[in-house]
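Everything on this sheet refers to the single structure shown next.
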Amino acid sequence: MKLSVLMITYNHENFIAQAIESVLMQQTNFEFEIVIGEDYSSDNTRNIVQEFATKFPHKIKLILQPYNLGLYGKNNLVKTLKACKGQYIAILEGDDYWSDPYKLQKQVDFLENNPNFSMCFHNVKNIFESKSKESSVSFPHNQKKILLIEDLLDRNYIPTGSVVYRSGLFHEFPDWFYDIKMSDWPIWIFCALHGNIWYIDEVMGAYRIHSAGVWNSTAEYQRQEETIKMLNYVNAYLNFKYKNKINESKANIYLDLIFIYFSQRDIKKSINSLFMFCILLPPHAHIYLKKVLISAKIIIIMTIKLYFPFLYNLFKFIKGNSKPKQDSGY
2 MKLSVLMITY
12 NHENFIAQAI
22 ESVLMQQTNF
32 EFEIVIGEDY
42 SSDNTRNIVQ
52 EFATKFPHKI
62 KLILQPYNLG
72 LYGKNNLVKT
82 LKACKGQYIA
92 ILEGDDYWSD
102 PYKLQKQVDF
112 LENNPNFSMC
122 FHNVKNIFES
132 KSKESSVSFP
142 HNQKKILLIE
152 DLLDRNYIPT
162 GSVVYRSGLF
172 HEFPDWFYDI
182 KMSDWPIWIF
192 CALHGNIWYI
202 DEVMGAYRIH
212 SAGVWNSTAE
222 YQRQEETIKM
232 LNYVNAYLNF
242 KYKNKINESK
252 ANIYLDLIFI
262 YFSQRDIKKS
272 INSLFMFCIL
282 LPPHAHIYLK
292 KVLISAKIII
302 IMTIKLYFPF
312 LYNLFKFIKG
322 NSKPKQDSGY
């Protein structure tokens, strides 16, 4: 089998049919299978995937979990991945879809002709559930074409449904993989250990951003905290070879957390984030210095205002009376 399309789905009754149809429309000169891991949905998702499997028994393989495996779909993903037989793996979550019928052919052709690359991905259209935001593409036209592992230690910007990678690059996941919410980002890092990653500058799929999505429904500060947790694991997993790069990424996150916690009036965590940022201060710290000083000033003022309102009002009174009076001209 040349390629396996790994699909994971849970409570995607409004989207799963379009996702499967977008895979079935793929035009290739090789055989591929569709392996669907259905994680015991509470809606009609299971019935829908079973109907498709009945219509296309030689193309679709169902992995029907006997109960919800939890862990943000991670166990479902791992079990479904183990059932894939292809030389290449393409991933598509049940609420996304592909828009180009030659997507798989283009990506497999590239990997077949470029053995030094472990993975490739492409641009996607972001579709927002909220009508207040218009659809947009994920990457500008000047997006870097060749990604190294260092590029992946900054942030996770590769859309899951855009990826095709070589099967067999890794066989077991480390224990820490099951202790974090993210599934796709670590996989890209594992792939990057075995070769470079290529970006195809074509929009060949769609990524839905909606409130029911596990990651998108998570609060911003929790996403940032989870990212720090993952980077700590990855740092140790890579034997601290990329410690400076990871510390720089963490410093950027703590810089964001200063303002996030401040907006929540959590002064203690905001100050702690400022402290952690200073510890991880990157070599080019002067770029951040102005922001840090401003955030520190705001934190101090707000702390006094919240916990010592008398001192805050006294300070305002003194400051107001200390201003020189303008000459009236008479």
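Using the working numbering, read the sequence shown as starting at 2 and increasing by one per residue. Positions of the beta carbon are idealized from the N, C-alpha and C atoms, including for glycine.
Rounded to the nearest whole angstrom, the C-alpha separation of ASP180 and GLN144 is 32 angstroms. As the crow flies, the alpha-carbon of LYS104 is around 27 angstroms from that of LEU65.
Runs of the beta strand (DSSP E) lying entirely within the region 53-103 and spanning at least 3 residues, in chain order: 61-65, 89-94.
Here TYR243 carries a coil assignment [DSSP, helix/strand/coil].
Taking 3 residues as the shortest admissible run, the region 9-56 contains the following complete beta strand (DSSP E) segments, listed from N- to C-terminal end: 33-39. When LYS230, TYR41, LEU149, SER23 are compared, the shortest CA-CA separation from MET183 is found for LYS230. Non-local beta-carbon contacts of ASP101 in its own chain, meaning distances under 6 angstroms to residues more than five positions away in sequence, involve MET205 in chain order. In the structure shown, ALA252 falls within a helical segment according to DSSP collapsed to helix, strand and coil.
For the pair ILE92 and THR10, the CB atoms are not nearer than the 8 angstroms cut-off. DSSP places ALA207 in the uninterrupted beta strand (DSSP E) bounded by 197-210. Put simply, of SER168, ASN115, HIS172, TRP189 the residue whose alpha carbon is nearest the alpha carbon of ARG156 is TRP189. In the DSSP assignment, ARG224 falls within the alpha helix (DSSP H) that extends over 221-238.
Separation of the CB atoms of ILE150 and LEU82 is rounded to 21 angstroms, and the pair is thereby denied contact status at 8 angstroms. In this structure, the straight-line span from the alpha carbon of ASP257 to that of TYR222 is close to 9 angstroms.
The region 67-80 and the region 114-124 do not touch, with fewer than three beta-carbon pairs separated by less than 8 angstroms. DSSP places PHE171 outside any beta strand (DSSP E), giving it a letter other than H or E. Secondary structure note for MET277: its alpha helix (DSSP H) is the uninterrupted segment 268-280. Between the C-alpha atoms of ARG224 and TYR255 there is a straight-line separation of about 12 angstroms. In the DSSP assignment, LYS126 forms a beta bridge with VAL138, ALA207. Where ASP185 is concerned, the enclosing alpha helix (DSSP H) starts and stops at 185-193. Rounded to the nearest whole angstrom, the CA to CA distance from PHE263 to ASN30 is 55 angstroms. By the CB criterion at 8 angstroms, SER168 and GLN265 fall outside the cutoff. Residue nearest to ILE128 within the set HIS211, ASN76, LYS246 is HIS211 (criterion: CA-CA distance). Per DSSP, ARG167 is one residue of the beta strand (DSSP E) stretching across 165-167. Pairing TRP199 with ASN115 gives a Cβ-Cβ distance under 8 angstroms. Non-local beta-carbon contacts of THR228 in its own chain, meaning distances under 7 angstroms to residues more than five positions away in sequence, involve ILE254 in chain order. DSSP places ILE147 within a strand segment (E or B) once states are collapsed to three.
Comparing alpha-carbon positions, the option among SER271, GLY74, VAL165, LEU63 lying closest to GLN106 turns out to be VAL165. In the assembly as shown, GLU94 is a buried residue. Its beta-carbon has 16 or more other beta-carbons within 10 Å. In the DSSP secondary-structure assignment, VAL109 is not bridged to any residue.
In the structure shown, LEU154 adopts coil according to DSSP, grouped into three states. Between ILE37 and the set LEU4, SER23, ILE49, LEU63, the nearest pair of CA atoms involves LEU63.
Around the CB of SER271, 16 or more other CB atoms lie within 10 Å, so the residue is classed as buried. Taking LYS80 as reference, the option from LEU4, ASN15, PHE174 with the minimal CA-CA separation is PHE174.
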